[in-house]
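Novice: Below you'll find the structure I mean.
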Amino acid sequence: MPDDSGYHFDPDFIVDHLGDLGTGLLRTLAISAIGMAGALIVGALLGAISALRVPVARQLITVYVEVFRNTPLLVQIFFLYFALPETGLQLGGFTVGWLSLLLWGGAYNVENFRAGFEAVEGGYVEACRALGFPRLAAFRHVTLPIGARIALPSVTNILISVFKNSSFMVAISYPELTETAVNIVAVTFRVFEMFLAIGIVYLGLVWLMSLGARAVEGRFAIPGGH
Amino acid sequence: MIRSPGVDGPLAQSPADGQAPMVELRGVRKSYGTLEVLKGIDLRVARGEVVTVIGPSGGGKSTLLRCVNLLEPVTSGQVLLENEDLTVPGVDLDKVRRRIGMVFQQFNLFPHLSAIDNLTLAPRKLLRMSRDQAYERATTMLDRVGLAGKADAYPRQLSGGQQQRIAIARALMMDPYVMLFDEVTSALDPELVSEVLDVMRDLARSGMTMLCVTHEMGFARELGDRLVFVDGGVIAEQGRPADVLDRPQNDRTRQFLRKVLR
Numbered sequence: 046m047p048d049d050s051g052y053h054f055d056p057d058f059i060v061d062h063l064g065d066l067g068t069g070l071l072r073t074l075a076i077s078a079i080g081m082a083g084a085l086i087v088g089a090l091l092g093a094i095s096a097l098r099v100p101v102a103r104q105l106i107t108v109y110v111e112v113f114r115n116t117p118l119l120v121q122i123f124f125l126y127f128a129l130p131e132t133g134l135q136l137g138g139f140t141v142g143w144l145s146l147l148l149w150g151g152a153y154n155v156e157n158f159r160a161g162f163e164a165v166e167g168g169y170v171e172a173c174r175a176l177g178f179p180r181l182a183a184f185r186h187v188t189l190p191i192g193a194r195i196a197l198p199s200v201t202n203i204l205i206s207v208f209k210n211s212s213f214m215v216a217i218s219y220p221e222l223t224e225t226a227v228n229i230v231a232v233t234f235r236v237f238e239m240f241l242a243i244g245i246v247y248l249g250l251v252w253l254m255s256l257g258a259r260a261v262e263g264r265f266a267i268p269g270g271h
Numbered sequence: 003m004i005r006s007p008g009v010d011g012p013l014a015q016s017p018a019d020g021q022a023p024m025v026e027l028r029g030v031r032k033s034y035g036t037l038e039v040l041k042g043i044d045l046r047v048a049r050g051e052v053v054t055v056i057g058p059s060g061g062g063k064s065t066l067l068r069c070v071n072l073l074e075p076v077t078s079g080q081v082l083l084e085n086e087d088l089t090v091p092g093v094d095l096d097k098v099r100r101r102i103g104m105v106f107q108q109f110n111l112f113p114h115l116s117a118i119d120n121l122t123l124a125p126r127k128l129l130r131m132s133r134d135q136a137y138e139r140a141t142t143m144l145d146r147v148g149l150a151g152k153a154d155a156y157p158r159q160l161s162g163g164q165q166q167r168i169a170i171a172r173a174l175m176m177d178p179y180v181m182l183f184d185e186v187t188s189a190l191d192p193e194l195v196s197e198v199l200d201v202m203r204d205l206a207r208s209g210m211t212m213l214c215v216t217h218e219m220g221f222a223r224e225l226g227d228r229l230v231f232v233d234g235g236v237i238a239e240q241g242r243p244a245d246v247l248d249r250p251q252n253d254r255t256r257q258f259l260r261k262v263l264r
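Line order of the protein sequences matches chains A and B.
Residue 46 is where the first sequence starts when you use this note's numbering, and the numbers rise one by one after that.
Residue 3 is where the second sequence starts when you use this note's numbering, and the numbers rise one by one after that.
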């Protein structure tokens with residue numbers, strides 16, 4: 046460690062603050078889990094409505110997607126936390142935490158799922174319709190399972206980003222993992238230990254999630270390739 | 003591919019008089035924007051009849067086939083299945099399509115389902131057939147197309163010929179009144195064509211009503227009861243396969259046959 050700067054690396058310091066960091070991590074996991082699950086469901090549902098070209102709903106979904114994909118997540122968080130109360134809707138840090146992540150990830154996943162559904166070869170749907178399946182049933186039995194597989198890699202990427210972006214809640218002082226570390230640093234100035242520690246935690250968890258994503262992709266891979 | 007040259011197909015029985023045709027097209031027209039693809043098609047297919055449709059590409063033969071199950075809605079005219087007009091408002095086309103089997107050039111098997119699940123999907127979901135019953139029936143059907151051992155294989159693990167035989171079996175699972183074949187051997191490697199034609203031959207001999215768009219003149223000659231030549235959106239000529247193939251009356255038919263039979 047850079048002794049000449051006068052900084053002495055103290056690993057025990059991390060151990061001393063494990064309790065606080067653990068609580069922060071739990072909050073991170075909680076808002077991420079809700080945000081990721083919500084982004085998955087919102088993405089699949091609205092992506093399907095969009096791919097099915099449901100009038101009006103489709104246009105509304107486009108507006109949602111455009112707004113949330115073309116503004117910074119930080120601005121979205123500020124809007125939910127600071128601007129919404131002006132309209133009488135007061136949301137707490139936890140709620141803004143998972144809700145902002147859900148809305149952000151959902152917008153990206155709508156596009157991922159829509160693109161996946163629209164990439165399904167028309168011939169499969171046609172064969173399904175020719176057997177006598179109504180349009181929605183053909184979507185459910187053919188477009189959904191095939192399109193979701195096509196969308197899967199980009200969807201899991203976004204879900205992992207949702208997890209990483211949970212650290213943006215620093216902006217509203219919601220004490221998740223990063224905010225907890227920042228608070229400890231503010232009092233103790235143990236910058237290196239703290240950010241190294243939470244960096245390793247994020248790295249390990251993202252790595253685990255990537256492994257999980259790859260396992261899911263493998264589990265649902267269509268035998269025979271493509 | 004010419005098979006058994008010189009052997010004529012079964013005598014082209016005229017559709018039994020007094021009996022309603024299985025499929026009937028009356029003055030069917032189909033336009034895409036300003037492009038009129040079908041310009042008034044009249045066609046009757048009798049129960050058990052095998053009608054083959056030939057003609058140059060772009061002539062409307064695939065569109066004609068797709069109008070039978072109204073995968074393409076017709077612009078005007080009538081499509082009848084066992085005398086029921088399918089083009090009047092209120093007809094439940096999804097129900098009607100259960101009774102019209104269709105096989106495609108590109109097979110279109112559901113890639114995420116095993117062979118047997120491809121077969122059982124529609125009977126289970128649409129006819130509420132029990133799992134066991136559907137699997138039993140599918141096993142029989144796979145055996146019928148010579149693929150009893152491939153029940154658990156996925157489409158992309160199979161050859162084109164095998165996929166197409168499974169696609170035929172999938173359509174047969176619904177007990178169709180009529181089977182539509184849309185150039186089903188055109189996407190196959192040459193050595194795989196015969197295995198599919200063999201299945202179609204068995205089907206024709208079992209009495210299935212069949213409407214086949216094809217480039218297989220040998221199949222048309224051997225098994226077709228009637229040959230229909232479609233060009234420019236109309237039926238330019240039709241008759242017994244041997245008559246049309248050997249003694250075409252229409253100039254366009256003659257030109258077309260000269261090219262394909264060379």
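Built from N, CA and C at the ideal position, the CB exists for glycine as well.
All values reported here derive from a predicted model rather than from experimental measurement.
Short of 8 Å Cβ to Cβ, which residues in the segment 174 to 189 of chain A face chain B?
Specialist: Answer in chain order: Arg174, Ala175, Leu176, Gly177, Phe178, Pro179, Ala182, His186, Val187.
Novice: Short of 8 Å in beta carbon distance, which residues of its chain neighbour Val39(B), apart from the five on each side in sequence? Order them along the chain.
Specialist: Closer than 8 Å at the Cβ level, and outside the excluded window around Val39(B), lie Lys32, Ser33, Gly62, Thr65, Gly235.
Novice: Are the segment 249 to 256 of chain B and the segment 224 to 241 of chain B in contact at 8 Å, needing three or more beta carbon pairs?
Specialist: The answer is yes - the segment 224 to 241 of chain B touches the segment 249 to 256 of chain B, with three or more Cβ pairs under 8 Å.
Novice: Is the beta carbon of Gly177(A) closer than 8 Å to that of Leu128(B)?
Specialist: Their beta carbons are under 8 Å apart, which means Leu128(B) touches Gly177(A) by this criterion.
Novice: Whole angstroms are fine: how far does the CA of Ala75(A) sit from the CA of Ile205(A)?
Specialist: Approximately 14 Å between the Cα atoms of the pair.
Novice: Look up Ser33(B) in the DSSP assignment and say whether it is helix, strand or coil.
Specialist: Note: Ser33(B) maps to strand in three-state DSSP.
Novice: Closer than 9 Å between beta carbons: that is the criterion. Which residues of the segment 193 to 220 of chain A meet it against chain B?
Specialist: Going along the segment 193 to 220 of chain A in chain order, one finds Arg194 with a Cβ nearer than 9 Å to chain B.
Novice: Closer than 8 Å, CB to CB, is Met212(B) near chain A or not?
Specialist: No, its Cβ sits nowhere closer than 8 Å to a Cβ of chain A.
Novice: May I have the straight-line CA-CA distance separating Arg28(B) from Thr89(B), to the nearest angstrom?
Specialist: Cα to Cα, the separation comes out at about 11 Å.
Novice: Please list, in chain order, all residues of the same chain as Thr54(B) whose beta carbon is under 6 Å from its beta carbon, the five residues on each side excluded.
Specialist: Once the five neighbours on either side are set aside, the close Cβ partners of Thr54(B) are Cys214, Thr216, Ala222, Gly226, Leu229.
Novice: From what residue to what residue does the alpha helix (DSSP H) around Gln80(B) run?
Specialist: Not the alpha helix (DSSP H): Gln80(B) falls in the beta strand (DSSP E), residues 78 to 83.
Novice: Give the range of the alpha helix (DSSP H) segment to which Thr223(A) is assigned.
Specialist: Start and end: 222 to 233.
Novice: Beta-carbon separation of Thr211(B) and Val81(B) under 8 Å?
Specialist: Their beta carbons are not under 8 Å apart, which means Thr211(B) does not touch Val81(B) by this criterion.
Novice: Give me the Cβ distance between Phe183(B) and Tyr169(A), rounded to the nearest whole Å; I'm assuming they're in contact under 8 Å.
Specialist: The pair is not a contact, with the Cβ atoms about 18 Å apart (cut-off 8 Å).
Novice: How is Met214(A) classed by DSSP in three states: helix, strand or coil?
Specialist: If DSSP states are grouped into helix, strand and coil, Met214(A) belongs with the helices.
Novice: Counting contacts by CB-CB distance shorter than 8 Å, is Ala89(A) in contact with chain B?
Specialist: Ala89(A) does not count as touching chain B.
Novice: What is the residue span of the alpha helix (DSSP H) that Met202(B) lies within?
Specialist: Met202(B) -> alpha helix (DSSP H) spans 195 to 207.
Novice: Find the residues of chain A that neighbour Phe1(B), judging by a C-beta separation of less than 9 Å, and give them in chain order.
Specialist: One cannot answer for residue 1(B) here, as it falls past the ends of chain B, which runs 3 to 264.
Novice: Would you call the CB atoms of Ala182(A) and Asn71(B) closer than 8 Å?
Specialist: No. Outside cutoff.
Novice: Please check if any C-beta of chain B sits within less than 8 Å of the C-beta of Gly269(A).
Specialist: Cβ-Cβ to chain B under 8 Å: yes for Gly269(A).
Novice: Assuming Ile217(A) and Ile122(A) form a contact by the criterion Cβ under 8 Å, report the distance between their Cβ atoms to the nearest whole angstrom.
Specialist: The Cβ separation is near 6 Å, so the contact holds.
Novice: Any chance the segment 112 to 122 of chain A sits against the segment 144 to 157 of chain A, with 3 or more Cβ pairs inside 8 Å?
Specialist: Judged by Cβ distances under 8 Å, the segment 112 to 122 of chain A makes contact with the segment 144 to 157 of chain A, as three or more pairs qualify.
Novice: So what does DSSP say about Phe112(B), is it helix, strand or coil?
Specialist: Coil, per DSSP.
Novice: Is it right to say His53(A) is buried, meaning 16 or more other beta carbons lie within 10 angstroms of its own, or is it exposed?
Specialist: Classification of His53(A): exposed, given that the 10 Å Cβ count is below 16.
Novice: Hey, Phe258(B) and Val246(B): beta-carbon distance below 8 Å or not?
Specialist: Cβ distance not < 8 Å, so Phe258(B) and Val246(B) don't count as in contact.
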